[in-house]
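Structure first, commentary second.
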DNA sequence: CAATCAATACAGACAGGTCTGTCTGTTTCG
DNA sequence: CGAAACAGACAGACCTGTCTGTATTGATTG
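Chains as they are written, first to last, in this note's numbering: chain G, 46 to 235; chain R, 46 to 235.
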């Protein structure tokens, strides 16, 4: 092995994917480095070559995940059939809630586990939530026009609330409650 | 020492208060038993007499905290001046967000950290959320009458969303966004 | 009143495990 | 040869939970 180098390494990618999966399933603190290297099938030294510390790995995983998350919602909102963008967004949200292994927002979860507002991971999560809000605001604007400035923050709260509620209840129903309220708020009616 | 016994022990109470504070500030996993006993000023054996394992302590702390939380909101909602119960509730929510050391919902945080839906702590949190919802529903009913059945779940989502948003942003603004939306939904107008 | 007993809490060593991060040496492949 | 990854031992810290032995205190009893 040992062909590519730096940010495009195969081993690096395998580490990211494995850590992402394990961190999401069990939490960033509950999963040790040893478990990541065992399941990724790589050597410990290799991991520490690519990520100087576990905190660096956590941050890299969050960045890696954000790409996928934003892509998922943009794609799902884009390929809406006859649905409006807002309806398509909530369909994607519901789809996410229904997906196997759903355990809420990985960013929120990580921020809570890190329990330190100055941790690089937490700061990244803060940025992510702003970017996610911008995504929502863009979608709301397409439907609600200039009243979006007022309703977008409310819809964002509904979405956040639905995520934490769904994961705790183990049921996706909260997505529908949030959708109905959001449609009404945005003037789409139920 | 050694005067009282069982559930009324002074040492037991000191353990609960200390663990509650530490668990809330740093998380249930980040805080070790050694730190609890050091800051509570009790012996390790004493802790294990009252709580057979750390998981038992976590559960006991959650139960202890629920008493205080429900009391806080019931009291705050009860002693509203000219405010309606719903307005008083959101005033209390805002007060909580502004309180020093605010770090979101301890139950939600614990459930995320435990990352196991079958853990006794997680199951208790699930029950707590139901009880908290009933509290909200009761308050909404006093204002919105029979439409409460429809709007109470939405308001609950707004509240949950506001909590996680406020703690991540480090700002209490989300409480006001949620309040305005909730008042409108409940027919109180802005 | 004085001696004793039971309950409670104390201090802290200890075992056995896990954690992160470092390091040595080997293998694979271009 | 040289770059990358391999395997895995190791250090040092921390974790939970157990255990031994001591001190304090209220109640009991002679």
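Cβ coordinates follow ideal geometry from the N, Cα and C atoms, glycine included.
**OP:** Note down, in chain order, each residue of its chain lying with its Cβ closer than 7 angstroms to the Cβ of residue 210 (chain G), except the 5 sequence neighbours on either side.
**Re:** Position 165 of the first chain, counting from 1, holds the residue named residue 210 (chain G). The answer, listed in chain order, is 219.
Original post:
What separation, rounded to the nearest whole angstrom, lies between the Cα atoms of residue 48 (chain R) and residue 167 (chain R)?
Top reply: What you label residue 48 (chain R) is simply residue 3 of the second chain in a count that begins at 1. What you label residue 167 (chain R) is simply residue 122 of the second chain in a count that begins at 1. Only weak support exists for where residue 48 (chain R) lies, its pLDDT of 45 falling under 50; the value from the coordinates is given anyway. Each residue's alpha carbon lies about 34 angstroms from the other.
**OP:** Could you tell me the distance, in whole angstroms, from the CA atom of residue 203 (chain R) to the CA atom of residue 56 (chain G)?
**Re:** Reading the second chain from its first residue, position 158 is the one you call residue 203 (chain R). Reading the first chain from its first residue, position 11 is the one you call residue 56 (chain G). Computed Cα separation, rounded: 42 angstroms.
Original post:
Taking only runs of the alpha helix (DSSP H) that begin and end inside the segment 102-147 of chain R, which ones reach a length of at least 4 residues, in chain order?
Top reply: 130-143
Original post:
Is the distance from the Cβ of residue 146 (chain G) to the Cβ of residue 70 (chain G) below 8 angstroms?
Top reply: Here the question's residue 146 (chain G) lines up with position 101 in the first chain. Here the question's residue 70 (chain G) lines up with position 25 in the first chain. Their beta carbons are under 8 angstroms apart, which means residue 146 (chain G) touches residue 70 (chain G) by this criterion.
Original post:
Using a C-beta cutoff of 8 angstroms, does residue 75 (chain G) count as contacting chain R?
Top reply: For the purposes of this step, residue 75 (chain G) is identified with residue 30 of the first chain, where counting begins at 1. Answer yes: the Cβ-Cβ gap between residue 75 (chain G) and chain R drops below 8 angstroms somewhere.
Original post:
Just checking my contact of residue 233 (chain R) with residue 129 (chain R) at CB under 8 angstroms: how many whole Å lie between their CB atoms?
Top reply: Here residue 233 (chain R) refers to the residue found at position 188 when the second chain is read from its first residue. Here residue 129 (chain R) refers to the residue found at position 84 when the second chain is read from its first residue. Contact flag correct, Cβ pair sits at about 7 angstroms.
**OP:** Could you tell me which chain G residues have their CB closer than 8 angstroms to the CB of residue 71 (chain R), listed as they occur along the chain?
**Re:** Position 26 of the second chain, counting from 1, holds the residue named residue 71 (chain R). Simply 160.
Subject >> Under the three-state DSSP convention, the category residue 164 (chain R) falls into >> reply: By 1-based counting over the second chain, the position of residue 164 (chain R) is 119. Residue state, collapsed to three classes: coil.
Original post:
Between the segment 87-104 of chain R and the segment 190-198 of chain R, do at least 3 Cβ pairs fall closer than 8 angstroms?
Top reply: no
Original post:
Shorter than 8 angstroms from the beta carbon of residue 205 (chain R) to some beta carbon of chain G?
Top reply: What you label residue 205 (chain R) is simply residue 160 of the second chain in a count that begins at 1. Yes - at least one Cβ of chain G is within 8 angstroms of the one on residue 205 (chain R).
**OP:** Determine which residues of the segment 154-186 of chain R have a Cβ less than 7 angstroms from any Cβ of chain G, and write them out in chain order.
**Re:** 154, 156, 157, 158, 160, 162, 170, 171, 174
Original post:
Closest by CA to residue 152 (chain R), which one among R:143, R:105, R:134?
Top reply: As a working note, residue 152 (chain R) is residue 107 in the second chain. Minimum Cα distance to residue 152 (chain R) is reached at R:105.
Original post:
Whole-angstrom Cβ separation of residue 207 (chain G) and residue 181 (chain G), contact assumed at under 8 angstroms?
Top reply: Position 162 of the first chain, counted from the first residue, corresponds to residue 207 (chain G). Position 136 of the first chain, counted from the first residue, corresponds to residue 181 (chain G). That belief does not hold up - the Cβ atoms of residue 207 (chain G) and residue 181 (chain G) are roughly 12 angstroms apart, past 8 angstroms.
**OP:** With DSSP collapsed to three states, give me the class of residue 96 (chain R).
**Re:** The residue you call residue 96 (chain R) lines up with position 51 of the second chain. DSSP places residue 96 (chain R) in coil when its eight states are reduced to three.
**OP:** For residue 174 (chain G), count neighbouring Cβ atoms within 10 angstroms of its own Cβ and tell me buried if that reaches 16, exposed if not.
**Re:** Numbered from 1 along the first chain, position 129 holds the residue referred to as residue 174 (chain G). Counting Cβ neighbours within 10 Å, residue 174 (chain G) comes out buried, since at least 16 surround it.
Original post:
When you compare each of R:132, R:141, R:63, R:103 to residue 116 (chain R) by their alpha carbons, which one comes out closest?
Top reply: Along the second chain, one-based indexing puts residue 116 (chain R) at 71. Residue 116 (chain R) has its Cα closest to that of R:141, out of R:132, R:141, R:63, R:103.
Subject >> Cβ-based burial, residue 179 (chain R) [other Cβ within 10 Å; buried from 16] >> reply: Counting from 1 along the second chain, the entry for residue 179 (chain R) is found at position 134. When all chains shown are included, residue 179 (chain R) counts as exposed.
**OP:** Please confirm if residue 47 (chain R) has its CB atom under 8 angstroms from at least one CB of chain G.
**Re:** Counting from one through the second chain, the residue named residue 47 (chain R) turns up at place 2. In this prediction, residue 47 (chain R) scores a pLDDT of 41, lower than 50, which makes its location untrustworthy; the coordinate-derived value is nonetheless stated afterwards. With 8 angstroms as the cut-off, residue 47 (chain R) does not count as an interface residue toward chain G.
Original post:
Considering only the beta carbon of each residue, do residue 64 (chain G) and residue 107 (chain G) sit closer than 8 angstroms?
Top reply: Residue mapping note: residue 64 (chain G) aligns to position 19 of the first chain, counting from 1. Residue mapping note: residue 107 (chain G) aligns to position 62 of the first chain, counting from 1. In this structure, residue 107 (chain G) does not lie closer than 8 angstroms to residue 64 (chain G) by Cβ.
Subject >> Cβ-Cβ separation, residue 123 (chain R) to residue 162 (chain G) (assumed contact under 8 angstroms), whole Å >> reply: Position 117 of the first chain, counted from the first residue, corresponds to residue 162 (chain G). Position 78 of the second chain, counted from the first residue, corresponds to residue 123 (chain R). Not really, about 33 angstroms apart at Cβ, beyond 8 angstroms.
**OP:** Kindly indicate the opening and closing residues of the alpha helix (DSSP H) around residue 196 (chain G).
**Re:** Here residue 196 (chain G) refers to the residue found at position 151 when the first chain is read from its first residue. 193-214 is the extent of the alpha helix (DSSP H) around residue 196 (chain G).
Original post:
Using the C-alpha atoms, what's the distance from residue 103 (chain G) back to residue 66 (chain G)?
Top reply: As a position in the first chain, residue 66 (chain G) is number 21, starting the count at 1. As a position in the first chain, residue 103 (chain G) is number 58, starting the count at 1. Approximately 12 angstroms, taken between the alpha carbons.
Original post:
DSSP three-state call for residue 232 (chain G): helix, strand or coil?
Top reply: Walking along the first chain from the start, residue 232 (chain G) turns up at place 187. Coil, per DSSP.
Original post:
Under a Cβ-count criterion, where at least 16 other Cβ atoms within 10 Å of its own Cβ denotes burial, should residue 110 (chain R) be classed as buried or exposed?
Top reply: Here residue 110 (chain R) is taken as the residue at index 65 of the second chain, counted from 1. By the neighbour-count rule (16 or more Cβ atoms within 10 Å), residue 110 (chain R) is buried.
**OP:** Please say whether residue 73 (chain G) and residue 186 (chain G) have beta carbons closer to each other than 8 angstroms?
**Re:** Residue numbering aside, residue 186 (chain G) sits at position 141 when the first chain is read from its first letter. Residue numbering aside, residue 73 (chain G) sits at position 28 when the first chain is read from its first letter. Not in contact: residue 186 (chain G) and residue 73 (chain G) (Cβ atoms no closer than 8 angstroms).
Original post:
Helix, strand or coil for residue 87 (chain R) per DSSP?
Top reply: Position 42 of the second chain, counting from 1, holds the residue named residue 87 (chain R). Coil.
Original post:
When the distance is taken between beta carbons, is residue 228 (chain R) closer than 8 angstroms to residue 131 (chain R)?
Top reply: What you label residue 131 (chain R) is simply residue 86 of the second chain in a count that begins at 1. What you label residue 228 (chain R) is simply residue 183 of the second chain in a count that begins at 1. Yes, Cβ-Cβ distance for residue 131 (chain R) and residue 228 (chain R) is below 8 angstroms.
**OP:** To the nearest angstrom, report how far apart residue 101 (chain R) and residue 88 (chain R) are at their CA atoms.
**Re:** Position 56 of the second chain, counted from the first residue, corresponds to residue 101 (chain R). Position 43 of the second chain, counted from the first residue, corresponds to residue 88 (chain R). Approximately 17 angstroms, taken between the alpha carbons.
Subject >> Selected residue, minimal CA-CA separation from residue 60 (chain R), among R:81, R:77, R:143 >> reply: Taking the second chain and counting its residues from 1, one reaches residue 60 (chain R) at position 15. Selected option, being the one with the closest Cα: R:81.
Original post:
Can you list the residues of chain R that residue 234 (chain G) reaches, using a CB-CB cut of under 8 angstroms?
Top reply: Working through the first chain from its first residue, we reach residue 234 (chain G) at position 189. Those do not exist, as residue 234 (chain G) stays about 15 angstroms from chain R at its closest Cβ, beyond 8 angstroms.
Subject >> Buried/exposed call for residue 231 (chain G), threshold 16 Cβ in 10 Å >> reply: Taking the first residue of the first chain as 1, we reach residue 231 (chain G) at position 186. So residue 231 (chain G) ends up on the buried side.
Subject >> Helix, strand or coil at residue 75 (chain R) [DSSP, three-state] >> reply: Position 30 of the second chain holds residue 75 (chain R). It is coil, neither helix nor strand.
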